[in-house]
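Trainee: With the numbering used here applied, the sequence shown covers 6 to 293. Each residue gets a CB set at the ideal place from its N, CA and C atoms; glycine is no exception. Take this structure, written in structure tokens, and hold onto it; I'll ask about it next.
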Amino acid sequence: MKLPIFIVDAFTAKAFHGNPAAVCLLENKLDEDMHQKIAKEMNLSETAFIQKLHPTDNFTQSSCFGLRWFTPVSEVPLCGHATLASAAVLFHKIKNMNSTLTFVTLSGELKARREEDGIVLDLPLYPAHPQDFHEVEELIKTAIGDTLVQDIRYSPDTRKLLVRLSDTYNRSFLESLKVNTQNLPQVENTGKVKGLILTIKGEPDGQTQAFDFYSRYFTPWFGVAEDPVTGSAHTVLSSYWSQQLGKKAMHAFQCSSRGGELKISLRPDGRVDIKGGAALVLEGMLTA
Numbered sequence: 006m007k008l009p010i011f012i013v014d015a016f017t018a019k020a021f022h023g024n025p026a027a028v029c030l031l032e033n034k035l036d037e038d039m040h041q042k043i044a045k046e047m048n049l050s051e052t053a054f055i056q057k058l059h060p061t062d063n064f065t066q067s068s069c070f071g072l073r074w075f076t077p078v079s080e081v082p083l084c085g086h087a088t089l090a091s092a093a094v095l096f097h098k099i100k101n102m103n104s105t106l107t108f109v110t111l112s113g114e115l116k117a118r119r120e121e122d123g124i125v126l127d128l129p130l131y132p133a134h135p136q137d138f139h140e141v142e143e144l145i146k147t148a149i150g151d152t153l154v155q156d157i158r159y160s161p162d163t164r165k166l167l168v169r170l171s172d173t174y175n176r177s178f179l180e181s182l183k184v185n186t187q188n189l190p191q192v193e194n195t196g197k198v199k200g201l202i203l204t205i206k207g208e209p210d211g212q213t214q215a216f217d218f219y220s221r222y223f224t225p226w227f228g229v230a231e232d233p234v235t236g237s238a239h240t241v242l243s244s245y246w247s248q249q250l251g252k253k254a255m256h257a258f259q260c261s262s263r264g265g266e267l268k269i270s271l272r273p274d275g276r277v278d279i280k281g282g283a284a285l286v287l288e289g290m291l292t293a
């Protein structure tokens, strides 16, 4: 078996920043267990598999493909950065002729369109509802200790817990915050929470570049302690911060050690456009 494989850094214009994803192009169907074996071998937060939907399709001319995402331990229902990476491979490396691609996924049809300064993903927008602190107190205390919390929301669609830290904290605090993820799967083992979002309000004054909000994202339940830049988390963050700030267009920064920027625009149809850059850092052939 030989499969073309690429590694793309997503939500950045520079190599070795943003969030790396592996992308495999499948000419034919894989044995089901091979998806997970390849993702484990790649050992990145996500490995994406682009599949032809019909035997007559080809990667240069077709505009609709199947798309699946795997962490090193399991398949996930939605991954923004690996979708962006997949579109970047098709647009920039394979030279797909279409301006918009449609991916058929576990989260429905997702679209990616090319623009001069990046790729725009059309993603679902997921609301987050107020969450009683006492129900998630042990999880939060385990993760961030006595760090001051201003708001807690829960997204049942994505099973993500959004924790807004106090407005007294700034970007440097969030970047340097030590988060204990090792014990979270034991503390929260009901299946209710599969991802933890920490976020703070942006600092438009005194910064070289203004951002509306900052975040970090942790998903040890899927075998990823901290994800560098997370499109799926921003389907929840976009909904929350749009309500909090009264804005439909926002500029976000995820404060991992690699860092990444996302330009966000809420759509009239209740979905969200998330734009980011991509840098191809590796291409090769997977043999097994």
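Quick one: Cα of residue 293 to Cα of residue 251, how far?
Mentor: Cα to Cα, the separation comes out at about 52 Å.
Trainee: With a 10 Å radius around its C-beta and 16 neighbouring C-beta atoms as the bar for buried, classify residue 161 as buried or exposed.
Mentor: It counts as exposed.
Trainee: Could you tell me the boundaries of the alpha helix (DSSP H) in which residue 38 lies?
Mentor: Looking at the DSSP string, the run of the alpha helix (DSSP H) that includes residue 38 is 37-47.
Trainee: Tell me the residue span of the alpha helix (DSSP H) that contains residue 288.
Mentor: No alpha helix (DSSP H) contains residue 288, which is instead part of the beta strand (DSSP E) from 283-292.
Trainee: If we call anything under 8 Å between Cβ atoms a contact, is residue 259 one with residue 220?
Mentor: Yes; because the gap between Cβ atoms is below 8 Å, this pair is in contact.
Trainee: Is the region 37-45 close to the region 169-187, with three or more CB pairs under 8 Å?
Mentor: Taking 8 Å as the limit for Cβ pairs, the verdict is that the region 169-187 does not touch the region 37-45.
Trainee: Could you pull the start and end residues of the alpha helix (DSSP H) that residue 147 belongs to?
Mentor: It spans 138-149 - the alpha helix (DSSP H) in which residue 147 sits, taken as one unbroken run.
Trainee: Do residue 284 and residue 13 come within 8 Å of each other at the CB atom, strictly closer than that value?
Mentor: Yes.
Trainee: Would you tell me roughly how many angstroms separate the C-alpha atoms of residue 180 and residue 150, rounded to the nearest one?
Mentor: Cα to Cα, the separation comes out at about 16 Å.
Trainee: Tell me, please, which residues DSSP counts as bridged to residue 74.
Mentor: Residue 74 is bridged to 53 and 81.
Trainee: How is residue 195 classed by DSSP in three states: helix, strand or coil?
Mentor: If DSSP states are grouped into helix, strand and coil, residue 195 belongs with coil.
Trainee: Going by beta carbon distance, what residues of the same chain come within less than 6 Å of residue 87, once the five residues before and after it are set aside?
Mentor: So the list reads 26, 51, 53 and 74, once near-sequence residues are dropped.
Trainee: Per the contact definition of three or more C-beta pairs closer than 8 Å, is the region 114-131 in contact with the region 226-246?
Mentor: These segments touch.
Trainee: How far does the beta strand (DSSP E) with residue 248 in it extend, from its first residue to its last?
Mentor: Note, residue 248: premise wrong, no beta strand (DSSP E); alpha helix (DSSP H) at 236-250.
Trainee: How many whole angstroms separate the CB atoms of residue 158 and residue 200, which I take to be in contact at a CB cut-off of 8 Å?
Mentor: About 12 Å; that fails the 8 Å criterion.
Trainee: If we ignore side chains and look at the alpha-carbon of each, how far apart do residue 107 and residue 280 end up?
Mentor: Each residue's Cα considered, the two are about 16 Å apart.
Trainee: For the beta strand (DSSP E) that contains residue 179, what are its first and last residues?
Mentor: Note, residue 179: premise wrong, no beta strand (DSSP E); alpha helix (DSSP H) at 176-181.
Trainee: Mapping DSSP to helix, strand and coil, what is residue 90?
Mentor: Correct three-state label for residue 90: helix.
Trainee: For the candidate residues 80, 176, 103 and 48, whose alpha-carbon lies nearest to that of residue 63?
Mentor: Nearest of 80, 176, 103 and 48 to residue 63, Cα basis: 103.
Trainee: Looking at the unbroken beta strand (DSSP E) that takes in residue 7, where does it start and where does it end?
Mentor: 7-15 is the extent of the beta strand (DSSP E) around residue 7.
Trainee: Strictly by DSSP, which residues pair up with residue 113?
Mentor: DSSP, once it has assigned bridges, lists 110 as partnering residue 113.
Trainee: Starting from residue 272 and walking both ways along the beta strand (DSSP E), at which residues does that stretch end?
Mentor: Residue 272 -> no beta strand (DSSP E), and no H or E assigned at all.
Trainee: Give me the residue from 135, 140 and 121 with the minimum Cα distance to residue 195.
Mentor: Of the candidates 135, 140 and 121, the one whose C-alpha sits nearest the C-alpha of residue 195 is 140.
Trainee: Beta carbon of residue 133, beta carbon of residue 167: below 8 Å?
Mentor: Yes, these two residues count as a Cβ contact at 8 Å.
Trainee: Is it buried or exposed for residue 22, if we count other Cβ within 10 angstroms and need 16 for buried?
Mentor: Buried, by the Cβ-count rule.
Trainee: On the CB-based measure, 16 or more other CB atoms within 10 Å of its CB, does residue 58 come out buried or exposed?
Mentor: Label assigned to residue 58: exposed.
Trainee: Alpha carbon to alpha carbon, how far is residue 225 from residue 207? Give it in angstroms, no decimals.
Mentor: Roughly 26 Å between the two C-alpha positions.
Trainee: Determine the closest residue to residue 70 out of 81, 6 and 101, with distance taken between C-alpha atoms.
Mentor: Cα-wise, what sits closest to residue 70 is 101.
Trainee: For residue 25, which three-state DSSP category applies?
Mentor: DSSP places residue 25 in strand when its eight states are reduced to three.
Trainee: Tell me which residue opens and which closes the beta strand (DSSP E) that residue 129 is part of.
Mentor: Segment 123-129, the beta strand (DSSP E) holding residue 129.
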